[in-house]
Amino acid sequence: MAPTSSAPASTPPSSTPPPPDHSITISGSADLVADFFSYAVNTLLFLRGVYPPDTFKHAQKYGVTVYLSTDQKVQAYLQTVLTQMRTWLHNSALRRLVVIIASAATRNVLERWAFDVNLSEHHQTTPTASNPTSQKDPQRIMSEIQAIIRQISATVTFLPLLDEACSFDILIYTDKAVQTPTKWHESGPRTIPNAEQVTLRSFSTSLHNVDASVSFSITDD
Amino acid sequence: MNDFEDFSNFCAPVSSGPLPRWQRKALESSQHVNRPSSASVTPGRSKSKTPKSAKRSKTPSGDRFIPNRKAMNMDVCRMHLTFESGKENGQRPSTTTDPVSSPSSTEKHANRYKQNASSEYSAVLASSLLDIPPSASSDFMRNDLPNSKILAFGDKAPAAKEGYLNPHRVLYNQNSFGSRVRRNKFRHIPQAPEKILDAPGLLEDFYLNLVDWGSNNTLAVALAESVYLWNADTGRIEQLCETPADDCITSVSWIPEGNYLAVGTNSTVVQIWDVEKMACTRRMRSHSGRVGALAWNGPLLSSGSRDSQIHNHDVRIPNHHVATLAAHTQEICGLKWSPNGTQLASGGNDNLVCVWDSTNAGSRWTPKFRFDQHNAAVKALAWCPWQNNLLATGGGTADRTLRFWSTASGACVNSIDTKSQVCSIVWSPHDKELVTSHGFSQNQLTVWKYPSLARMAELKGHTSRVLHTAISPDCQTVVSAAADETLRFWKVFAGNDSGRSGSKSGHFGKSDLSSSRSLTRSVNIR
Numbered sequence: 001m002a003p004t005s006s007a008p009a010s011t012p013p014s015s016t017p018p019p020p021d022h023s024i025t026i027s028g029s030a031d032l033v034a035d036f037f038s039y040a041v042n043t044l045l046f047l048r049g050v051y052p053p054d055t056f057k058h059a060q061k062y063g064v065t066v067y068l069s070t071d072q073k074v075q076a077y078l079q080t081v082l083t084q085m086r087t088w089l090h091n092s093a094l095r096r097l098v099v100i101i102a103s104a105a106t107r108n109v110l111e112r113w114a115f116d117v118n119l120s121e122h123h124q125t126t127p128t129a130s131n132p133t134s135q136k137d138p139q140r141i142m143s144e145i146q147a148i149i150r151q152i153s154a155t156v157t158f159l160p161l162l163d164e165a166c167s168f169d170i171l172i173y174t175d176k177a178v179q180t181p182t183k184w185h186e187s188g189p190r191t192i193p194n195a196e197q198v199t200l201r202s203f204s205t206s207l208h209n210v211d212a213s214v215s216f217s218i219t220d221d
Numbered sequence: 001m002n003d004f005e006d007f008s009n010f011c012a013p014v015s016s017g018p019l020p021r022w023q024r025k026a027l028e029s030s031q032h033v034n035r036p037s038s039a040s041v042t043p044g045r046s047k048s049k050t051p052k053s054a055k056r057s058k059t060p061s062g063d064r065f066i067p068n069r070k071a072m073n074m075d076v077c078r079m080h081l082t083f084e085s086g087k088e089n090g091q092r093p094s095t096t097t098d099p100v101s102s103p104s105s106t107e108k109h110a111n112r113y114k115q116n117a118s119s120e121y122s123a124v125l126a127s128s129l130l131d132i133p134p135s136a137s138s139d140f141m142r143n144d145l146p147n148s149k150i151l152a153f154g155d156k157a158p159a160a161k162e163g164y165l166n167p168h169r170v171l172y173n174q175n176s177f178g179s180r181v182r183r184n185k186f187r188h189i190p191q192a193p194e195k196i197l198d199a200p201g202l203l204e205d206f207y208l209n210l211v212d213w214g215s216n217n218t219l220a221v222a223l224a225e226s227v228y229l230w231n232a233d234t235g236r237i238e239q240l241c242e243t244p245a246d247d248c249i250t251s252v253s254w255i256p257e258g259n260y261l262a263v264g265t266n267s268t269v270v271q272i273w274d275v276e277k278m279a280c281t282r283r284m285r286s287h288s289g290r291v292g293a294l295a296w297n298g299p300l301l302s303s304g305s306r307d308s309q310i311h312n313h314d315v316r317i318p319n320h321h322v323a324t325l326a327a328h329t330q331e332i333c334g335l336k337w338s339p340n341g342t343q344l345a346s347g348g349n350d351n352l353v354c355v356w357d358s359t360n361a362g363s364r365w366t367p368k369f370r371f372d373q374h375n376a377a378v379k380a381l382a383w384c385p386w387q388n389n390l391l392a393t394g395g396g397t398a399d400r401t402l403r404f405w406s407t408a409s410g411a412c413v414n415s416i417d418t419k420s421q422v423c424s425i426v427w428s429p430h431d432k433e434l435v436t437s438h439g440f441s442q443n444q445l446t447v448w449k450y451p452s453l454a455r456m457a458e459l460k461g462h463t464s465r466v467l468h469t470a471i472s473p474d475c476q477t478v479v480s481a482a483a484d485e486t487l488r489f490w491k492v493f494a495g496n497d498s499g500r501s502g503s504k505s506g507h508f509g510k511s512d513l514s515s516s517r518s519l520t521r522s523v524n525i526r
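Top line first, the protein sequences correspond to chains A and B.
Take 1 as the starting number for the first sequence in the UniProt record's numbering and just add one per residue.
Take 1 as the starting number for the second sequence in the UniProt record's numbering and just add one per residue.
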């Protein structure tokens with residue numbers, strides 16, 4: 001829980017020379033998390049079959065195969081949302097990112113993928129002026145992200161089949177203080193009644209912790 | 001006032017919970033009796049002393065219940081009461097030294113603890129008693145992350161393509177309702193093949209057509225570089241032809257009269273073989289890609305190729321290439337002339353089915369209908385033999401549907417999701433039935449009733465996808481060739497009445513009828 005971080009932390013100047021070894025600045029850490037979200041959302045859309053598989057190309061990232069949408073409209077939508085998300089992440093205003101997969105016909109939420117973002121204690125206590133850095137080995141972060149992506153791929157074994165046309169949506173939990181940008185609006189959490197929740201792995205840059213979980217409807221059987 | 005402070009000091013640690021009986025007694029007594037000395041006693045001692053002094057001062061001598069205090073370990077009880085909340089945050093010492101703040105902090109802590117516990121408890125209780133899931137009652141509209149707001153982008157993500165189905169379906173449904181077939185409603189269909197032949201080297205390629213059963217009751221099978229003829233009457237096997245090692249046979253098709261076999265090759269040549277003389281009578285070059293599909297219409301041979309074109313060859317004349325049918329954009333894998341010879345159906349890897357009308361084609365052929373409802377390559381095509389203008393088509397792995405078209409109106413008159421790749425279709429000429437062959441996951445043949453599309457039987461046995469099927473001239477047996485390199489003969493249809501009575505004992509019917517026809521209606525090919 002990070003309620004004390006609501007004071008908007010200004011983006012650290014990106015021009016600061018990178019400290020020696022493999023230390024990660026707060027801005028670098030935010031970029032890392034934002035990149036992860038981008039790959040995770042794209043891969044989710046592929047793995048859950050929201051869009052036809054032939055509209056995806058595959059790429060190697062984090063040592064695993066990730067899938068990226070090549071559909072122009074999907075790309076444009078993701079680009080808009082994820083760019084805004086990245087800004088919030090840099091301002092430490094992002095609290096959680098939720099991918100909703102809902103039935104296109106009834107709009108019932110079928111799956112809800114939540115990625116909680118927590119700023120680490122270290123960052124909360126020290127003011128941003130002191131430019132906190134992480135000394136965590138990037139290789140370790142990479143392998144943690146890899147583990148999450150692998151786990152997401154493996155969910156196909158227990159998640160129910162999405163046996164209808166589906167749409168997806170991205171909800172972003174931000175601090176109360178954040179001003180709602182134009183074309184954005186506040187939404188309900190769109191949780192799933194009677195849901196089964198599975199907590200997935202988490203990864204940490206030691207500045208940001210990301211906890212993943214998926215909840216899905218278990219109405220059948 | 002001093003007394004009051006003493007008193008609050010004295011009772012401080014237990015103020016969070018309900019007062020123990022001895023404290024209530026002490027309270028009463030302190031109200032009545034102005035207690036003299038306990039203020040000066042050290043707090044640690046006062047705790048141990050208090051019960052005793054309170055008890056002594058108030059114990060009546062009547063016939064009331066008198067608890068045996070000696071038997072109770074009051075010190076331990078008290079220690080449990082006070083420490084329970086205070087010990088985690090190390091507030092134990094402060095309770096004694098700071099009389100004002102300590103009760104409040106302990107209280108606060110205890111209250112919070114109690115609150116958390118009780119809300120959790122009541123939620124669990126409510127969910128178990130009222131049968132409401134805990135999340136449903138509280139979380140549905142409430143923001144589950146305090147002090148935050150949830151934002152969503154106004155423009156929503158685009159919807160997936162129309163008619164797109166989740167490809168994971170194939171992972172989940174493995175023809176699960178196959179067991180629900182009501183077999184007793186229909187006639188008996190043997191579940192086991194009558195005969196199994198080995199077909200070593202049969203190419204595992206969805207886009208080819210390597211098996212055909214001619215009206216001379218001879219089965220032509222292309223195994224990689226060779227074409228073999230298996231005579232169903234005698235069981236004799238002959239090798240008809242062999243291509244060079246770098247070439248292979250990609251399609252075979254019997255002329256309806258049964259004396260000639262058209263052979264398409266990977267080297268783009270279409271050959272016509274005379275099976276009586278076992279000689280190649282003609283080689284026709286026109287395509288620029290392998291010839292994967294062949295169909296006869298009288299003396300006209302249509303060939304579909306990987307170059308996405310269909311060529312019509314008039315095999316009687318030297319300048320054989322008489323028409324080019326170009327509407328597909330990818331390899332042609334299915335090609336069938338309608339029984340009356342007026343319409344040609346073609347299916348391609350571009351998921352398209354085209355119907356061509358030969359009657360008003362002239363020199364320039366344009367498709368009469370283009371059906372693009374399939375989501376995968378269409379190899380399985382079959383014209384209904386007993387109803388004009390009825391065409392059955394089946395889609396590949398990504399589609400898995402069986403569709404029926406009226407080629408008079410262009411409407412899709414029927415469709416069903418078969419849950420599996422459709423590799424080929426054979427209609428029964430005498431019953432309103434058809435057989436489809438499938439790939440993953442059951443590699444079965446399915447017998448359907450038309451138009452109800454009830455499953456009459458599922459014929460399992462192949463261990464890999466069933467790529468080709470052909471029907472015998474007596475219309476009873478269907479041969480299936482699968483990627484497991486076997487040919488299996490299934491007695492699926494009842495056949496016509498004369499055949500039914502005539503071929504009770506025989507294996508694959510009599511060929512005298514068809515061979516006599518081939519004599520009377522032989523085609524003159526140069």
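Ideal placement from N, C-alpha and C gives every residue a C-beta, glycine not left out.
Bear in mind the structure is a predicted one, so any value in this text is a computation, not a measurement.
Quick one: list the residues of chain B neighbouring E186/A, beta-carbon separation under 7 Å, in chain order.
In the first sequence, counting from the first residue as 1, residue 186/A sits at position 186. Near E186/A (Cβ distances below 7 Å), the residues of chain B are K149, I150, L151.
Decide if F65/B is buried, meaning its Cβ has at least 16 other Cβ atoms within 10 Å, or exposed.
Numbered from its first residue, the second sequence carries residue 65/B at position 65. Burial call: exposed.
In whole angstroms, give me the CA-to-CA distance for K73/A and F56/A.
As a position in the first sequence, residue 73/A is number 73, starting the count at 1. As a position in the first sequence, residue 56/A is number 56, starting the count at 1. Our two residues, K73/A and F56/A, have alpha carbons roughly 13 Å apart in a direct line.
Beta carbon of V269/B nearer than 9 Å to that of V252/B:
The residue labelled residue 269/B in the question sits at position 269 within the second sequence. The residue labelled residue 252/B in the question sits at position 252 within the second sequence. At the C-beta level, V269/B and V252/B stay beyond 9 Å of one another.
Count the other CB atoms, across all protein chains shown, that sit within 10 Å of the CB of W88/A; report buried if there are 16 or more and exposed otherwise.
The residue given as residue 88/A occupies position 88 in the first sequence. Buried, by the Cβ-count rule.
Checking 9 Å against the spacing of the C-beta atoms, do T393/B and V353/B come in under that value?
Here residue 393/B refers to the residue found at position 393 when the second sequence is read from its first residue. Here residue 353/B refers to the residue found at position 353 when the second sequence is read from its first residue. Taking 9 Å as the Cβ cut-off, T393/B and V353/B qualify as a contacting pair.
Using 8 Å for Cβ pairs, my map puts Y77/A next to A157/B. What's the rounded Cβ distance?
Taking the first sequence and counting its residues from 1, one reaches residue 77/A at position 77. Taking the second sequence and counting its residues from 1, one reaches residue 157/B at position 157. Between Y77/A and A157/B, the beta carbon gap of about 5 Å places them in contact (Cβ cut-off 8 Å).
Per-residue contacts from A159/B into chain A (C-beta, under 8 Å)
Taking the second sequence and counting its residues from 1, one reaches residue 159/B at position 159. Those within 8 Å of A159/B in chain A are A104, A165, S167.
Sorted by chain position, which residues of the same chain lie with C-beta nearer than 6 Å to I218/A's C-beta, five sequence neighbours on each side aside?
As a position in the first sequence, residue 218/A is number 218, starting the count at 1. Within the same chain, I218/A has close Cβ partners E196.
Is the number of C-beta pairs between the stretch 359–375 of chain B and the stretch 227–240 of chain B that are closer than 8 Å three or more?
Segments in contact, no.
Any C-beta of chain A sitting closer than 9 Å to the C-beta of H168/B?
Indexing the second sequence from 1 puts residue 168/B at position 168. Yes, because at least one Cβ of chain A sits closer than 9 Å to the Cβ of H168/B.
Contact set between T80/A and chain B, taken where Cβ atoms lie within less than 9 Å
Translated into the one-based positions of the first sequence, residue 80/A becomes position 80. Listed along the chain, the chain B residues whose CB falls inside 9 Å of the CB of T80/A are F153, D155.
Does DSSP classify N209/A as helix, strand or coil?
Sequence index remark: in the first sequence, residue 209/A carries index 209 (1-based). In the three-state reduction of the DSSP assignment, N209/A falls in the strand class, which pools E and B.
Going by beta carbon distance, what residues of the same chain come within less than 6 Å of F489/B, once the five residues before and after it are set aside?
For the purposes of this step, residue 489/B is taken as residue 489 along the second sequence, with counting starting at 1. The residues are P193, E194, K195, T477, V479.
Whose C-alpha, out of T486/B, Q444/B, A470/B, A293/B, is nearest the C-alpha of L459/B?
Counting from 1 along the second sequence, the entry for residue 459/B is found at position 459. Minimum Cα distance to L459/B is reached at Q444/B.
Measuring only the C-alpha atoms, how far is A147/A from T155/A?
Locating residue 147/A in the first sequence gives position 147, counting from the first residue. Locating residue 155/A in the first sequence gives position 155, counting from the first residue. Rounded to whole angstroms, the gap between the alpha carbons of A147/A and T155/A is 12 Å.
If we ignore side chains and look at the alpha-carbon of each, how far apart do V124/B and S215/A end up?
By one-based count along the second sequence, residue 124/B stands at place 124. By one-based count along the first sequence, residue 215/A stands at place 215. Between V124/B and S215/A, the C-alpha separation is close to 19 Å.
If we ignore side chains and look at the alpha-carbon of each, how far apart do residue 535/B and L301/B end up?
Absent from the structure is residue 535/B, since the part of chain B shown begins at 1 and ends at 526.
Could you tell me which uninterrupted beta strand (DSSP E) segments, each at least 3 residues in length, are contained entirely in the stretch 59–98 of chain A, listed from first to last along the chain?
Taking only runs of at least 3 residues, the beta strand (DSSP E) segments lying wholly in the stretch 59–98 of chain A are 64–69.
Between the alpha carbons of E276/B and G258/B, how many angstroms are there, rounded?
If you number the second sequence from 1, residue 276/B lands on position 276. If you number the second sequence from 1, residue 258/B lands on position 258. Roughly 10 Å between the two C-alpha positions.
Alpha carbon to alpha carbon, what distance is there between V66/A and V198/A?
Walking along the first sequence from the start, residue 198/A turns up at place 198. Walking along the first sequence from the start, residue 66/A turns up at place 66. Cα to Cα, V198/A sits roughly 22 Å from V66/A.
Interface residues of chain A around L145/B at Cβ under 7 Å?
For this step, residue 145/B is matched to residue 145 along the second sequence. Within 7 Å Cβ-Cβ: R95, R96, Y173.
Look at A160/B and A104/A and say whether their C-beta atoms are less than 9 Å apart.
Your numbering for residue 160/B matches position 160 in the second sequence. Your numbering for residue 104/A matches position 104 in the first sequence. For A160/B and A104/A, yes; Cβs fall inside 9 Å.
Mind checking if K183/A is an interface residue toward chain B, Cβ cutoff 9 Å exclusive?
As a working mapping, residue 183/A is identified with position 183 in the first sequence. Yes, K183/A counts as interfacial toward chain B.
Does Q84/A get closer than 9 Å to chain B when you measure Cβ to Cβ?
Within the first sequence, numbered from 1, the residue matching residue 84/A stands at position 84. So yes, Q84/A belongs to the interface.
Cβ pair D212/B, W254/B closer than 9 Å:
Your numbering for residue 212/B matches position 212 in the second sequence. Your numbering for residue 254/B matches position 254 in the second sequence. Their beta carbons are under 9 Å apart, which means D212/B touches W254/B by this criterion.
Counting contacts by CB-CB distance shorter than 9 Å, is R48/A in contact with chain B?
Within the first sequence, the letter at position 48 stands for residue 48/A. So, interface residue.
Is it true that the CB of P53/A sits closer than 9 Å to the CB of P385/B?
Position 385 of the second sequence, counted from the start, is the residue given in the question as residue 385/B. Position 53 of the first sequence, counted from the start, is the residue given in the question as residue 53/A. No, Cβ-Cβ distance for P385/B and P53/A is not below 9 Å.
Would the beta-carbon of W337/B fall within 9 Å of that of A295/B?
One-based indexing of the second sequence puts residue 337/B at position 337. One-based indexing of the second sequence puts residue 295/B at position 295. Yes.
Find out if the Cβ-Cβ distance for the pair I149/A, V64/A is shorter than 9 Å.
Taking the first sequence and counting its residues from 1, the one referred to as residue 149/A is at position 149. Taking the first sequence and counting its residues from 1, the one referred to as residue 64/A is at position 64. Yes; because the gap between Cβ atoms is below 9 Å, this pair is in contact.
Can you list, in chain order, the stretches of the beta strand (DSSP E) that have 3 or more residues and sit fully within the UniProt repeat "WD" (325–357) of chain B?
Listed in chain order, they are 332–337, 343–348, 353–357.
Between the alpha carbons of G334/B and A457/B, how many angstroms are there, rounded?
Counting from one through the second sequence, the residue named residue 334/B turns up at place 334. Counting from one through the second sequence, the residue named residue 457/B turns up at place 457. Distance between the alpha carbons of G334/B and A457/B: 25 Å.
Could you work out which residue in T265/B, S226/B, N297/B, C280/B is closest to G289/B when comparing CA atoms only?
Along the second sequence, read from residue 1 onward, the residue named residue 289/B stands at position 289. Nearest option by C-alpha distance: T265/B.
Please identify the residue among E225/B, Q330/B, T342/B, L145/B whose C-alpha is closest to the C-alpha of A376/B.
Your numbering for residue 376/B matches position 376 in the second sequence. Put simply, of E225/B, Q330/B, T342/B, L145/B the residue whose alpha carbon is nearest the alpha carbon of A376/B is Q330/B.
Can the beta-carbon of T407/B be found less than 9 Å from the beta-carbon of L381/B?
Working through the second sequence from its first residue, we reach residue 407/B at position 407. Working through the second sequence from its first residue, we reach residue 381/B at position 381. No, these two residues do not count as a Cβ contact at 9 Å.
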